[in-house]
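As structure tokens, the structure follows; a few thoughts come after it.
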Amino acid sequence: MVSDKDVDRLVQDLAREAEAGGYHLNPDREFTRGLVRGLLANRERYGYISCPCRLASGNREDDLDIICPCDYRDLDLADYGACYCGLYVTADVEAGVRTPEPVPDRRPSPVERRKKKEENVTVARAPGDLKYPVWRCRVCGYLCARNEPPETCPICRVSRDRFERFV
Amino acid sequence: MQYVPGDDNHKVVLYALSTCGWCARTKQLLTDLGVGFSYVYVDLLRGDDQGIVVREVERWNPRLSFPTIVIDDSKAIVGFREEEIRKAVGA
């Protein structure tokens, strides 16, 4: 079971990390605590903090795009003022000068995801003549040219497996 | 499926996740409106049970997102769309 103390601690950690990176947690404290409780429940049953508002498969590789912060957060913040579950909001929403809009899920459907997975297996990478491959963080777009992506994204703090080869 | 008793003018089924804030708001809205409805937390189902319900949701909403509210086996509302929900249940 998730304790209130665990929820408080993760809310604090997320708030600190968010502000340091220029992101903002939803100022509706009770709503935010509910979502964070959901993140912790997901960590307990799946082993990672997948989005509380999406159905996880339990297979980390298939759920990578919905581990919080999800691959869609920054796109949704730009378009709607909030991320899909509502944990993160833009500065103007946080300040109360803008009401966030309902966010439709932009995660591809299960059918589309299966198709994409198959394509990724069959499509060969274009050969490059760069000295180093370029890696892109799927969450925040950070790019770096080095043999392997960093262990943790220096911008948004997600783990190495959230990077894709960009060039 | 759990059932919340109330006004049964419409058949209302709520597919939800136990961890989702918008699902919680939807359930609260239906309760406050006094609507009788059935609901299921799809994330709490295991194995085949979950597979069966997932296919049910996908029929109405191929994106398989939550909440999905099915009204009178004929219309689905996806997401916490308060006005749409109120209108559909006639409240």
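Chains as they are written, first to last, in my numbering: chain S, 1 to 167; chain B, 1001 to 1091.
Glycine included, C-beta positions come from ideal geometry on N, C-alpha and C.
All values derive from a computational prediction rather than experimental measurement.
Option nearest residue i by Cα separation, candidates the options
{"i": "S/V158", "options": "S/D71, S/F31, S/D28, S/H24", "result": "S/D71"}
{"i": "B/E1051", "options": "S/P110, S/N147, S/V134, S/R43", "result": "Just to set this straight, residue 1051 of chain B is Gly in the shown sequence, not Glu. Nearest C-alpha to B/G1051: S/P110."}
{"i": "S/C83", "options": "B/W1022, B/E1082, B/I1085, B/H1010", "result": "B/W1022"}
{"i": "S/R29", "options": "S/D8, S/D65, S/T90, S/Y46", "result": "S/D8"}
{"i": "B/F1080", "options": "B/V1004, B/L1014, B/D1072", "result": "B/L1014"}
{"i": "S/C85", "options": "S/D129, S/A95, S/D105, S/V167", "result": "S/D105"}
{"i": "S/N59", "options": "S/N42, S/L35, S/D74", "result": "S/N42"}
{"i": "B/S1074", "options": "B/L1029, B/I1085, B/W1060", "result": "B/W1060"}
{"i": "B/A1024", "options": "S/G34, S/A15, S/E17", "result": "S/G34"}
Contact set between residue i and chain S, taken where Cβ atoms lie within less than 8 angstroms
{"i": "B/L1064", "result": "L55, S109, P110"}
{"i": "B/R1055", "result": "In chain order: nothing, as chain S lies at least about 10 angstroms away."}
Beta carbon of residue i nearer than 7 angstroms to that of residue j
{"i": "S/V103", "j": "S/D76", "result": "yes"}
{"i": "S/T32", "j": "S/L25", "result": "yes"}
{"i": "B/F1037", "j": "B/V1057", "result": "no"}
{"i": "S/E119", "j": "S/R136", "result": "no"}
{"i": "S/G21", "j": "S/C156", "result": "yes"}
{"i": "B/T1019", "j": "S/P52", "result": "yes"}
{"i": "B/M1001", "j": "B/V1053", "result": "no"}
{"i": "S/V2", "j": "S/R37", "result": "yes"}
{"i": "B/T1026", "j": "B/P1067", "result": "yes"}
{"i": "B/L1017", "j": "B/D1043", "result": "yes"}
{"i": "B/V1089", "j": "B/V1035", "result": "yes"}
{"i": "S/Y48", "j": "S/I67", "result": "yes"}
{"i": "S/V167", "j": "S/P69", "result": "no"}
Per-residue contacts from residue i into chain B (C-beta, under 9 angstroms)
{"i": "S/L35", "result": "T1019, C1020, G1021"}
{"i": "S/P104", "result": "R1063, S1065, V1078, G1079"}
{"i": "S/G38", "result": "L1017, S1018, T1019, C1020, G1021"}
{"i": "S/P27", "result": "Within chain B, no residue comes near S/P27; the closest Cβ sits about 14 angstroms away, beyond 9 angstroms."}
Within chain B, partners of residue i - CB distance below 8 angstroms
{"i": "S/N173", "result": "This structure leaves residue 173 of chain S out entirely; chain S is present only between 1 and 167."}
Residue-level contact to chain A via CB, residue i, 7 angstroms cutoff
{"i": "B/D1043", "result": "The structure shown has no chain A; the protein chains it does contain are S and B."}
Give, in chain order, every residue of the region 1002-1026 of chain B whose Cβ lies closer than 8 angstroms to some Cβ of chain S. L1017, S1018, T1019, C1020, G1021, W1022, C1023, A1024
Which residue spans inside the region 1009-1091 of chain B form an unbroken alpha helix (DSSP H) run of at least 4? Listed in chain order, the complete alpha helix (DSSP H) runs (minimum 4 residues) inside the region 1009-1091 of chain B are 1021-1032, 1047-1060, 1082-1088.
Given a limit of 7 angstroms on CB to CB distance, which residues of the region 70-90 of chain S reach chain B? Contact residues of the region 70-90 of chain S toward chain B are C85, G86 (C-beta to C-beta distance below 7 angstroms).
Any beta strand (DSSP E) of 3 or more consecutive residues that is wholly inside the region 13-51 of chain S: none
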